[in-house]
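These notes concern the structure reproduced below.
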Amino acid sequence: MNDAAAIVTGDAAADDRRFMDLALTLGRRGLGNTWPNPAVGAVIVKDGVIVGRGWTQAGGRPHAETEALRRAKKAANGATMYVTLEPCSHQGKTPPCADAIVKAGLARVVSALEDPNPDVAGGGHKKLAEAGLRVDVGVRAEEARQAHAGHMARVCEQRPHVTLKLAISADGKAGAAGRKPVAITGEVARARVALMRAENDAILVGIGTVLADDPHLTCRLPGMLARSPVRVLLDARLRAPTASYVLATIRESPTWVFAGKGASPIAEEILQEKGAQVFRVSGHDGELDLTEVVKILAEQGITRLMVEGGPTVAASFLQADLVDEAMLFRSPKNIGPDGVAALEGMPLDALTASKKLRWLAGEQLADDTLEHFGRA
Numbered sequence: 003m004n005d006a007a008a009i010v011t012g013d014a015a016a017d018d019r020r021f022m023d024l025a026l027t028l029g030r031r032g033l034g035n036t037w038p039n040p041a042v043g044a045v046i047v048k049d050g051v052i053v054g055r056g057w058t059q060a061g062g063r064p065h066a067e068t069e070a071l072r073r074a075k076k077a078a079n080g081a082t083m084y085v086t087l088e089p090c091s092h093q094g095k096t097p098p099c100a101d102a103i104v105k106a107g108l109a110r111v112v113s114a115l116e117d118p119n120p121d122v123a124g125g126g127h128k129k130l131a132e133a134g135l136r137v138d139v140g141v142r143a144e145e146a147r148q149a150h151a152g153h154m155a156r157v158c159e160q161r162p163h164v165t166l167k168l169a170i171s172a173d174g175k176a177g178a179a180g181r182k183p184v185a186i187t188g189e190v191a192r193a194r195v196a197l198m199r200a201e202n203d204a205i206l207v208g209i210g211t212v213l214a215d216d217p218h219l220t221c222r223l224p225g226m227l228a229r230s231p232v233r234v235l236l237d238a239r240l241r242a243p244t245a246s247y248v249l250a251t252i253r254e255s256p257t258w259v260f261a262g263k264g265a266s267p268i269a270e271e272i273l274q275e276k277g278a279q280v281f282r283v284s285g286h287d288g289e290l291d292l293t294e295v296v297k298i299l300a301e302q303g304i305t306r307l308m309v310e311g312g313p314t315v316a317a318s319f320l321q322a323d324l325v326d327e328a329m330l331f332r333s334p335k336n337i338g339p340d341g342v343a344a345l346e347g348m349p350l351d352a353l354t355a356s357k358k359l360r361w362l363a364g365e366q367l368a369d370d371t372l373e374h375f376g377r378a
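Under the numbering used here, the first residue of the sequence shown carries the number 3, and numbering increases by one thereafter.
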């Protein structure tokens, strides 16, 4: 809040929260579709009437603020903008949003969060205040922090925000005997997983999942195939068959492969000719350095990563303390004692009773249940 800003109380404070809630809802439309930029939402209000709405467009541009201003046109003069993240103040591939806001004649900006990006870091709020606008910061800050968790992680920790997805049977198994694939959850749960894929920039699996399941790793909800994330494969020795779905469809959905330093250069050349990007990282005993993997993903612009690999990959991310959220889908079905445990070499309570994760919410999805865990 700038020095000239008055304290907002009563009905005005309630209105601020209500309009910021709308901005947050609009921003979520861009999840998984705006990287490397954050998925921001913006609402312009004048005399209690919404005159402009915007959200970050595909590929990160135009920004939410300029989209809202475009829709508001001259009605933006004297109005208030609600925005889920500090407007940018630097010249990038597009002019600063703060300059556009000042030029449009807005009287007030309500911003949920300061942007930790060093190119902004309070500069947008300062520029607005110096131009005479009233600036209030912090409305729905916690909700905005969650909405922009990917951006925060990439800027502050140089890695994406990581969500681990697990589907397990009632007896805690993730696969049938012999690591054979088996349908665990029902149609409603599978639709939720597809939506999660659309809301993440990239989805990661290990070579074991590719060999056992030959997954598509796309968003197969009606009309949303184009919202499929980048497919990331951990394949230390480059063993994935070129006929596997993820490699056979590289031209349709971007696929990035992480290999060990000693993997075959011929196999790498074949993958590159098919259109895959191949990254070499350190590793030991066939396991890749996940800290290096997520750092490279962040450097490539990935802000939100969904880990949907099998028990080995899931356990590795937990052991590396790289899990920010976990979505645990539980089926009422049993697989039996010969089934594959959900976490390789670890009990399930390494997740459910972890001191680093806490239970956030539960939800019924037809016959299945979903448990949501987050950083403690």
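Here a beta-carbon is modelled for each residue, glycine too, at the ideal position from N, C-alpha and C.
* To do: Going by CA-CA distance only, name the one from Gly285, Thr68, Val259 that's closest to Thr96.
  => Your numbering for residue 96 matches position 94 in the sequence shown. If we check each option's Cα against that of Thr96, Thr68 comes out closest.
* Around the Cβ of Pro162, are there at least 16 other Cβ atoms within 10 angstroms (buried) or fewer (exposed)? -> Stepping through the sequence shown from its first residue, residue 162 is reached at position 160. Residue burial is scored here from C-beta neighbours: Pro162 has at least 16 other C-beta atoms within 10 angstroms and is therefore classed as buried.
* Residues bridged to Val1 by DSSP? -> Residue 1 falls outside the range modelled here, since the chain spans only 3 to 378, and no answer is possible.
* Asked: From Gly208 to Asp215, what distance separates their C-alpha atoms?
  -> Counting from 1 along the sequence shown, the entry for residue 208 is found at position 206. Counting from 1 along the sequence shown, the entry for residue 215 is found at position 213. One C-alpha to the other measures close to 11 Å.
* Asked: Contact check, Asp291 vs Val283 under 8 Å by CB: the rounded distance?
  -> Counting from 1 along the sequence shown, the entry for residue 291 is found at position 289. Counting from 1 along the sequence shown, the entry for residue 283 is found at position 281. Rounded, the Cβ-Cβ distance is 5 Å, consistent with contact.
* DSSP-derived helix/strand/coil call for Gly126 -> Position 124 of the sequence shown, counted from the first residue, corresponds to residue 126. Helix.
* Beta-ladder partner(s) of Asp17, from DSSP -> In the sequence shown, counting from the first residue as 1, residue 17 sits at position 15. Under DSSP, Asp17 forms no beta bridge with any residue.
* **CA-to-CA distance, Glu144 to Lys384, given in whole angstroms** => Because the chain here runs from 3 to 378, residue 384 falls outside it and cannot be looked at.
* Exposed or buried, which one is Val313 when buried takes at least 16 other CB atoms within 10 Å? -> Here the question's residue 313 lines up with position 311 in the sequence shown. According to the sequence displayed, residue 313 carries Pro and not Val. Burial state of Pro313 is buried, judged by a 10 Å Cβ sphere holding 16 or more other Cβ atoms.
* Is the region 194 to 207 touching the region 29 to 46 in the sense that three or more CB pairs, one from each, lie closer than 8 Å? -> The region 29 to 46 is in contact with the region 194 to 207.
* Asked: Helix, strand or coil: how does DSSP classify Ala146 here?
  -> The residue given as residue 146 occupies position 144 in the sequence shown. In the three-state DSSP reduction, Ala146 falls in the helix class (H, G or I).
* Identity of the residue in Glu310, Gln302, Gly277 nearest Thr220 by Cα -> As a first step, residue 220 is located in the sequence shown; it is residue number 218 there, counting from the start. Residue Glu310 holds the alpha-carbon nearest to the alpha-carbon of Thr220 among Glu310, Gln302, Gly277.
* With distances taken from CA atoms, which of Phe375, Asp287, Thr371, Arg222 is nearest Ile186? -> Translated into the one-based positions of the sequence shown, residue 186 becomes position 184. Ile186 has its Cα closest to that of Thr371, out of Phe375, Asp287, Thr371, Arg222.
* Using the beta-carbon count (16 or more within 10 Å), is Gly54 buried or exposed? -> Locating residue 54 in the sequence shown gives position 52, where the first residue counts as 1. So Gly54 ends up on the buried side.
* Within its chain, find whatever has a CB closer than 6 Å to the CB of Arg20; leave out the 5 residues flanking it on each side and keep chain order. => Looking up residue 20 in the sequence shown gives position 18. Here the set comprises nothing.
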